[in-house]
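S.K.: Numbering (this note's numbering), first residue to last: 3 to 510.
My questions all concern the structure below.
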Amino acid sequence: MIAVVFFSIIALSIGVALAARRGVTTRGPLGTLIAGRSLPGWLIFFLAVGEIYSVGTMLGFPGGIYAKGASYGVWFIGYILLGYVFGYFLAPLVWRAGKVYNAVTVPDVMYGHYKNRLLEKLAAFTFVLALIPWAVFQFVGLQTVLSGLGLPLSRLGIIVGSAVIAFLYVAISGMRSTAFVAIVKDLFMFLGITLAGIVAVIAAKGIPGIFEEVATRPDMTTVTGGALIFAMSTIFVQSIQFYLTFPAQFLFAAKSESSIKKSVIWMPLYMLMYPLLVFAAYYGISHAPNLSNPDDVFLAVTRDLAPEWIVGLVAAGAGLSALIVLAGNSLMFGGVLTRNLVPTLSKSKSSHSVKLVMGLFLVFTATLSTFTSSIMLTFLNLALALTAQLVPAWFGVMFFRRFKAPALSAGIVVGCTLVTFFYFTKLVPGNLNTGLISLAANLSVVILLSLIFKGGTSQHMPVAMRAKDILGKAAESKKPVHEGSDEVPVAPAGVTVSGAGRAINEEG
């Protein structure tokens with residue numbers, strides 16, 4: 003029964019992806035990567051939360067609590083909640099930057115604003131480096147999910163099957179099909195978590211029973227000392243970049259800035275499922291104390307307490323949460339590689355080269371996942387520490403014109419070098435999140451060199467100061483995108499189009 007429910011839901015998701023092709027209006031790379039900038043706010047909502055609430059929500063979050071106690075729960079919940087606050091103000095500016103520079107990727111924005119090839123390449127390289135552990139994170143979660151189904155599946159078979167399904171999502175109609183599958187994923191993820199959490203509470207005879215045994219273990223229920231410092235520093239560094247990195251390409255696909263704001267307002271509702279995950283994690287600490295892999299705790303509790311159809315539903319929700327992020331990751335990787343690192347690949351109006359790159363990315367990260375066995379949240383921290391190094395460049399685009407391209411390039415190099423050093427040496431100075439330490443060094447270099455360098459200042463005003471310029475004439479830029487064309491709307495009069503726009507014009 004577990005397998006029947008699981009594979010039925012996966013089959014449903016593929017059917018939804020196929021059905022999503024019916025509304026496609028833009029073909030070619032732009033249609034694949036950002037759905038022709040045509041997605042309504044409600045689809046952006048599901049697409050963005052699909053990236054935010056990955057398999058780490060269902061498996062990594064309870065696994066972190068099971069292994070390390072409350073400190074992991076505090077920073078995981080805290081950075082998402084604070085990220086929504088920052089996101090309400092920053093996410094519309096991300097969309098605005100994408101509009102004015104006709105951007106498809108984050109590095110497109112960097113080149114469009116600063117006109118600096120080195121900064122574009124460094125931003126692209128940083129993005130690619132961060133996408134790799136983020137994708138491995140999802141594959142590790144999928145192995146945990148499918149291994150728990152009790153089926154005679156080999157690890158290799160699980161990985162290959164997962165990569166094929168993720169590729170199908172993006173190969174069918176790119177970001178559009180991924181967005182519709184995200185709706186299916188959210189439905190079953192939320193339903194699975196709700197049922198599993200309720201079952202755990204019933205088995206413990208109420209919420210007090212969940213915490214009765216662990217109440218005698220302060221290390222599992224309180225956050226003090228070094229753990230508190232790490233949690234607070236992690237909340238800050240991961241929330242400030244919340245919408246500036248992985249979700250940015252999804253924001254570029256939106257129709258308008260107002261649709262972004264409306265979608266961000268409703269996203270915190272998803273946090274209602276976290277108490278249920280906490281209940282399952284602490285129930286596991288009390289009743290399944292000897293798990294070899296902490297990430298197994300949520301599924302282990304569900305298998306022990308729930309009927310098989312609920313287990314299958316929970317597994318499907320977890321599996322889809324990983325698959326949808328893998329699909330999104332491959333879209334991001336395909337865009338960055340073909341537009342910013344190897345731009346000759348974006349000359350063709352066909353999306354075949356983009357899809358080939360996406361497939362190779364899935365194969366590569368799937369292979370890497372066979373050599374990993376760490377707690378999943380380790381990969382999450384590494385990915386977000388790397389992407390945090392793009393924050394100063396984003397702030398230059400949004401707010402600070404005096405930040406200069408050579409200084410930002412040097413800052414990215416310093417920041418990523420420190421992130422890599424801390425990751426491999428396992429050093430955690432002062433119990434601070436090493437991503438924050440690296441970002442502080444990065445920002446210091448940017449400020450110092452911006453004062454020293456005479457050239458490299460952007461010719462464009464920060465987008466936060468250009469609302470009237472960009473949005474006031476939005477109607478002038480609205481013209482239909484024709485079937486079979488990669489053409490995008492022309493920017494409003496007085497607005498400079500560069501970066502991605504340059505590449506698009508060359509194509510046409």
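Every residue gets a Cβ at the ideal spot worked out from N, C-alpha and C, and that includes glycine.
Remember, it's a predicted structure, so these values are computed and weren't measured experimentally.
What is the rounded straight-line gap between the Cα of F129 and the Cα of L253?
M.R.: Taking the first residue of the sequence shown as position 1, residue 129 is located at position 127. Taking the first residue of the sequence shown as position 1, residue 253 is located at position 251. If I take the Cα positions, the gap works out to 16 Å.
S.K.: Does the beta-carbon of W268 have 16 or more other beta-carbons within 10 angstroms, so that it is buried, or is it exposed?
M.R.: Taking the first residue of the sequence shown as position 1, residue 268 is located at position 266. So W268 ends up on the exposed side.
S.K.: Looking at the unbroken alpha helix (DSSP H) that takes in L133, where does it start and where does it end?
M.R.: For the purposes of this step, residue 133 is taken as residue 131 along the sequence shown, with counting starting at 1. Counting along the chain, the alpha helix (DSSP H) containing L133 begins and ends at R119 to S149.
S.K.: Name the DSSP beta bridge partners of L41, please?
M.R.: Start at 1 with the first residue of the sequence shown, and residue 41 comes out as number 39. For L41, which the question treats as bridged, DSSP gives the partners A256.
S.K.: S460 to V166, Cα distance in whole Å?
M.R.: Residue numbering aside, residue 460 sits at position 458 when the sequence shown is read from its first letter. Residue numbering aside, residue 166 sits at position 164 when the sequence shown is read from its first letter. For S460 and V166, the distance between alpha carbons rounds to 43 Å.
S.K.: Would the stretch 266-282 and the stretch 54-69 be scored as touching if the rule is three or more Cβ pairs under 8 Å?
M.R.: Result yes; three or more Cβ-Cβ pairs closer than 8 Å.
S.K.: Does the Cβ of L274 have 16 or more other Cβ atoms within 10 Å, making it buried, or fewer, making it exposed?
M.R.: As a position in the sequence shown, residue 274 is number 272, starting the count at 1. L274 comes out exposed.
S.K.: Thinking C-beta only, is L434 closer than 7 Å to S235?
M.R.: By 1-based counting over the sequence shown, the position of residue 235 is 233. By 1-based counting over the sequence shown, the position of residue 434 is 432. Yes, the Cβ-Cβ distance between S235 and L434 is below 7 Å.
S.K.: What's the call for L445, buried or exposed, on a 16-neighbour Cβ count within 10 Å?
M.R.: Start at 1 with the first residue of the sequence shown, and residue 445 comes out as number 443. So L445 counts as buried.
S.K.: Which stretch, first to last residue, makes up the alpha helix (DSSP H) that contains L246?
M.R.: On the sequence shown, residue 246 is found 244 positions in, with the first residue counted as 1. Taken as a continuous stretch (DSSP letters only), L246 belongs to no alpha helix (DSSP H), as it is neither H nor E.
S.K.: Give the DSSP-derived three-state secondary structure of T459 in the structure shown.
M.R.: Translated into the one-based positions of the sequence shown, residue 459 becomes position 457. T459: strand per DSSP, three-state reduction.
S.K.: Less than 7 Å separating the beta-carbons of Y171 and A19?
M.R.: Residue numbering aside, residue 171 sits at position 169 when the sequence shown is read from its first letter. Residue numbering aside, residue 19 sits at position 17 when the sequence shown is read from its first letter. Going by C-beta atoms, Y171 is nearer than 7 Å to A19.
S.K.: Only counting the same chain, and skipping five residues up and downstream in sequence, which positions put a Cβ closer than 7 Å to that of N331?
M.R.: Start at 1 with the first residue of the sequence shown, and residue 331 comes out as number 329. Taken in chain order, the residues that qualify are L133, W136 and A137.
S.K.: Buried or exposed for I204, going by 16 or more other Cβ atoms inside 10 Å?
M.R.: Position 202 of the sequence shown holds residue 204. Exposed, since its Cβ has fewer than 16 Cβ neighbours within 10 Å.
S.K.: Verify whether the separation of the beta carbon atoms of W97 and A256 is less than 7 Å.
M.R.: Here the question's residue 97 lines up with position 95 in the sequence shown. Here the question's residue 256 lines up with position 254 in the sequence shown. Yes, these two residues count as a Cβ contact at 7 Å.
S.K.: Measuring CB to CB, does S371 end up less than 7 Å from F141?
M.R.: By 1-based counting over the sequence shown, the position of residue 371 is 369. By 1-based counting over the sequence shown, the position of residue 141 is 139. Yes, the pair counts as a contact, with Cβ atoms nearer than the cut-off.
S.K.: Going by DSSP in three states, K187 sits in which element: helix, strand or coil?
M.R.: Numbered from 1 along the sequence shown, position 185 holds the residue referred to as residue 187. Here K187 sits in helix by DSSP.
S.K.: With distance defined between alpha-carbon atoms, name the residue in F238, F88, S175 and Y284 nearest to V299.
M.R.: Position 297 of the sequence shown, counting from 1, holds the residue named residue 299. For V299, the nearest C-alpha among the options comes from Y284.
S.K.: According to DSSP, what are the bridge partners of K2?
M.R.: For the chain, the structure presents residues 3 to 510; residue 2 sits outside this window and is missing.
S.K.: Sort I36, L131, I16 and K101 by Cα distance to L386 and report the nearest one.
M.R.: Here residue 386 refers to the residue found at position 384 of the sequence shown. Of the listed residues, the one whose Cα sits closest to L386 is L131.
S.K.: To the nearest whole angstrom, what separates the beta carbons of F109 and V447, a pair I think is in contact under 8 Å?
M.R.: Translated into the one-based positions of the sequence shown, residue 109 becomes position 107. Translated into the one-based positions of the sequence shown, residue 447 becomes position 445. Note that residue 109 corresponds to Pro in the displayed sequence, not to Phe. Actually they are not in contact, since the Cβ atoms of P109 and V447 sit about 20 Å apart, beyond 8 Å.
S.K.: Starting from A409, follow the alpha helix (DSSP H) in both directions and report where the run begins and ends.
M.R.: Reading the sequence shown from its first residue, position 407 is the one you call residue 409. A409 -> alpha helix (DSSP H) spans A407 to T427.
S.K.: Apart from the five residues on each side of it in sequence, which residues of its chain come closer than 8 Å, Cβ to Cβ, to V6?
M.R.: Here the question's residue 6 lines up with position 4 in the sequence shown. Correct list, in chain order: G314.
S.K.: Could you say if the stretch 73-92 and the stretch 285-294 meet the contact criterion of at least three C-beta pairs nearer than 8 Å?
M.R.: Output reads no: the stretch 285-294 does not touch the stretch 73-92.
S.K.: G62 lies in the alpha helix (DSSP H); which residues open and close that run?
M.R.: Taking the first residue of the sequence shown as position 1, residue 62 is located at position 60. Per DSSP, G62 belongs to no alpha helix (DSSP H) and is neither H nor E.
S.K.: Mapping DSSP to helix, strand and coil, what is N342?
M.R.: Your numbering for residue 342 matches position 340 in the sequence shown. It is helical.
S.K.: Which residues mark the beginning and the end of the alpha helix (DSSP H) in which N104 is found?
M.R.: Within the sequence shown, the letter at position 102 stands for residue 104. Neither: N104 is in no alpha helix (DSSP H) and is coded neither H nor E.
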